[in-house]
Structures are given as structure tokens and as C-alpha cells.
Amino acid sequence: MLDGALRHNPRYFTEGAYGPFRALPRLLDLLARHEMPATFFIPTWVVEQWTESCAAILRAGHEVAYHGHHHEFFRDLTPERQLEVMQRSREVFRSRLGVVPSGFRTPSGDWTAQTPSLLREFGIRYSSSMRGEDRPYFHPAPEGAVPLVELAGRWDMDDYTSLAYFEDPAFPTGHDRISDYRAVLANWCAEFEGYHAEGLFWTTILHPKVSAKPARLAILDGLFSTIRKHDDVWLTTLDQIARWSLQQAGYPAGQEPS
Ligand SMILES: [Zn+2]
């Protein structure tokens, strides 16, 4: 969606631009207040446009990870094009922010059959793209190779499903109203408590431009406070969870991507 098609839709574009420009500083302050580390999946076009905002994410101790360059839909790209996007993103992360990320979340939430092995061969440690598990798992890999870890997310914890509204284009499809904020907070806290009760892996799909708006920050504040009430939760970045998962299974997990 950052491929130029939005040039003719500036109103929609500015909905997204609100993220790095206004919402992100607010979210970083809230995360700092709760001493909560996070992983930010960033299209590298955004890194080019708002380099200083993205540098602030790293300075605050959070992780950054791959999310396409123009937020490309990986399911529509050939493996060659997918690789080109990854290479371009790596170059931008390296030159603008001085880091080489280890994680990937597919823009659009889907990919092609070749993507997991392409990511593994590219040196990616984990993906957070699929939906069907509440524990870390490994994508199939050849004998002797370190597998790609999958840290699945869920629609239940995607802020688009309850808080996004765009008149034109109508996205997400089939959704056109914003939910009651009190209900969203209750739902999200219930989601966390359910996972906590069973001792599972839990993550979110939150977008600064959607949930780090002034009134909505109270939802995140309430959610983070609920999480913080527990002293038996490992709050960490996805990379740390991927490393732990590999170590538990007897794989080497310490290697830095390059
Ligand atoms: Zn995205």
C-alpha cells in the first residue's frame, strides 16, 4: 500500500502517517512507563521517511524487525521478488539504523509456500506471521539446519479488528465501525488472562496509528497494567522468545544475523 497508489488518496495516506509522526512518541512513553519491551515490525520505506522516529524505538531498547519495504503482499510476489524486498529492507535497516533484524512479520498476513525456507536461508530467526498456534513452533527445515521459529499472532489481538475505520478504501473489508473502547479493553485483558492461565505464548498486532491515539492510549494503559499485575510473566521481545525456543530444542540460537 506504500507503492505509490496512495498518492491519489492523501486523506488515507495521512491516517497512516499519523503513526510515526504523532502516535509513536506517545506509545514509546507508555511502554517506558510500564517498563515493557516491544518488537516493532516496520516497512523500511517508513524507516527511510521517518529515520529519527525509528531510531528512537531502538534507543528505548525495543526490537525492530522486517515488514516488507513498501508493505508488499508477499503472497502476490514471486520468491525472487520476495528475496529482493528482504535484501532492500536489510540494506535500509543497516544503513539508516545500524542494525540487522532477526524477525519478520508478513505484511498482509499471508505468504507463498516458498517463503519460510526463503526467510530461513536469508538468516531470519523467526516469523510472526501465522495464526494457528499459541505456543512457539518450528517451520519444517532440512536435516541439520536451524529451523525458522514461528511466533504466531491472532486476529483477536489485532487493533484493526476493533479500532480501525477508513471510509475509502474500506479496509479492513467487512468492517466499518469502531468498537466501544471499554469493551475493547475488556476483550484484550480477557485474551491476556486466558493465555496466562494456561501459561502460553501471547503477542499482539498493534499499530501506533490505530491504538496509540489520545483516547485509545487508555486502552493500552489498561491492558499493560493488567499484564503488570502478574509477577510470573516473561515480558520480552519476540527475538528473545525465538532464541529461547531454539535453545529449548537444542539448537544454537546465539548467532547474530548479518
Ligand atoms: Zn502491516
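Numbered according to UniProt numbering, the sequence shown terminates at residue 258, and the numbering increases by one at each position without gaps.
Using N, Cα and C, we set each Cβ at its ideal position, and we do this for glycine too.
Since we're looking at a predicted model, the values are computed, not measured.
How far does the beta strand (DSSP E) with residue i in it extend, from its first residue to its last?
| i | result |
| --- | --- |
| residue 233 | Segment: none, residue 233 is in no beta strand (DSSP E) and carries neither H nor E. |
| residue 271 | This structure leaves residue 271 out entirely; the chain is present only between 1 and 258. |
| residue 39 | 39–42 |
To the nearest angstrom, how far is it from the Cα of residue i to the Cα of residue j?
| i | j | result |
| --- | --- | --- |
| residue 129 | residue 106 | 5 Å |
| residue 58 | residue 84 | 25 Å |
| residue 48 | residue 227 | 34 Å |
| residue 51 | residue 210 | 20 Å |
| residue 15 | residue 121 | 36 Å |
| residue 99 | residue 29 | 22 Å |
| residue 252 | residue 239 | 14 Å |
| residue 235 | residue 38 | 9 Å |
| residue 79 | residue 86 | 11 Å |
| residue 217 | residue 142 | 44 Å |
| residue 77 | residue 42 | 19 Å |
| residue 117 | residue 151 | 16 Å |
| residue 56 | residue 17 | 16 Å |
| residue 45 | residue 185 | 32 Å |
| residue 201 | residue 215 | 28 Å |
| residue 74 | residue 167 | 25 Å |
| residue 222 | residue 109 | 27 Å |
| residue 146 | residue 245 | 11 Å |
| residue 286 | residue 190 | Lying before the first or after the last residue shown, residue 286 is absent from the chain, which here runs from 1 to 258. |
| residue 34 | residue 124 | 29 Å |
| residue 241 | residue 197 | 19 Å |
Could you tell me if the beta carbon of residue i falls within a distance shorter than 7 Å of some heavy atom in ligand 1?
| i | result |
| --- | --- |
| residue 69 | no |
| residue 107 | yes |
Going by DSSP, what residue range makes up the alpha helix (DSSP H) through residue i?
| i | result |
| --- | --- |
| residue 162 | 160–163 |
| residue 181 | 181–198 |
| residue 118 | 115–122 |
| residue 210 | 208–211 |
| residue 78 | Careful: residue 78 lies outside any alpha helix (DSSP H) and carries neither H nor E. |
| residue 228 | 217–228 |
| residue 52 | 51–59 |
| residue 245 | 238–248 |
| residue 17 | 10–18 |
| residue 152 | That residue, residue 152, is in no alpha helix (DSSP H); it is neither H nor E in DSSP. |
Less than 8 Å between the CB atoms is what I'm expecting for residue i and residue j, so what's the real figure, rounded?
| i | j | result |
| --- | --- | --- |
| residue 19 | residue 207 | 7 Å |
| residue 66 | residue 101 | 6 Å |
| residue 71 | residue 89 | The Cβ separation is near 11 Å, so there is no contact. |
| residue 131 | residue 154 | 6 Å |
Give a yes or no on whether 8 Å exceeds the smallest Cβ distance from residue i to chain B.
| i | result |
| --- | --- |
| residue 52 | The chain inventory of the structure shown lacks chain B, comprising one protein chain alone. |
Is there contact here, the segment 162–181 with the segment 132–151, by at least three beta-carbon pairs under 8 Å?
Between the segment 162–181 and the segment 132–151 there are fewer than three inter-stretch CB-CB distances shorter than 8 Å, so the stretches are not counted as touching.
Using 8 Å as the threshold, is the segment 179–192 in touch with the segment 19–38, meaning 3 or more CB pairs across them?
No contact exists between the segment 179–192 and the segment 19–38.
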